[in-house]
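Visitor:
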Amino acid sequence: LGLGVVKFSGAVVAAVILDTVGRSRLLVLSALGCALTLGVQALNLALVVPEHRGETGPTVAFVALSYLYVFVFELGLGPCCWLVPAEIFYNRDRLRAM
Numbered sequence: 748l749g750l751g752v753v754k755f756s757g758a759v760v761a762a763v764i765l766d767t768v769g770r771s772r773l774l775v776l777s778a779l780g781c782a783l784t785l786g787v788q789a790l791n792l793a794l795v796v797p798e799h800r801g802e803t804g805p806t807v808a809f810v811a812l813s814y815l816y817v818f819v820f821e822l823g824l825g826p827c828c829w830l831v832p833a834e835i836f837y838n839r840d841r842l843r844a845m
């Protein structure tokens with residue numbers, strides 16, 4: 748239930764700010780945010796978790812970063828991957844391309 752709420756809220760925020768911020772800027776920021784959250788998750792797994800087995804702190808951090816990743820993905824990479832290809836092709840070729 749919680750992941751669905753995060754995903755839905757990210758899509759709603761993206762729908763509101765998509766035209767004001769711009770598609771390309773939102774795509775780049777979303778990709779950087781996804782890379783950053785996945786990088787921090789990798790550091791969490793590599794450095795923190797083996798040293799503190801049995802503690803809940805690293806596990807909570809990993810779950811929170813997973814939720815943050817889904818939210819950042821839904822801001823740009825989620826909805827924009829369907830909008831950008833539709834704008835690339837000419838109208839006569841758009842139906843076959845999509």
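Everything in the sequence shown is counted per my numbering, starting at 748 for the first residue and increasing by one.
We treat Cβ as the ideally placed atom computed from N, Cα and C, and that holds for glycine.
Using a 10 Å radius around the Cβ and a threshold of 16 neighbouring Cβ atoms, would you call residue 819 buried or exposed?
Guide: buried
Visitor: If contact is defined by three or more beta carbon pairs under 8 angstroms, each pair taking one atom from either stretch, is the stretch 749-758 in contact with the stretch 808-822?
Guide: yes
Visitor: For residue 776, collect the residues of the same chain with a Cβ closer than 7 angstroms to its Cβ; drop the 5 residues on either side in sequence, then sort them by chain order.
Guide: Sequence-distant Cβ neighbours of residue 776 in its own chain, meaning closer than 7 angstroms and more than five residues away, are 823.
Visitor: Classify residue 803 as helix, strand or coil using the three-state DSSP reduction.
Guide: coil
Visitor: Starting from residue 786, follow the alpha helix (DSSP H) in both directions and report where the run begins and ends.
Guide: Unbroken alpha helix (DSSP H) run through residue 786: 770-790.
Visitor: With a CB to CB cut of under 6 angstroms and the five nearest residues on each side skipped, what residues in its chain are close to residue 813?
Guide: None.
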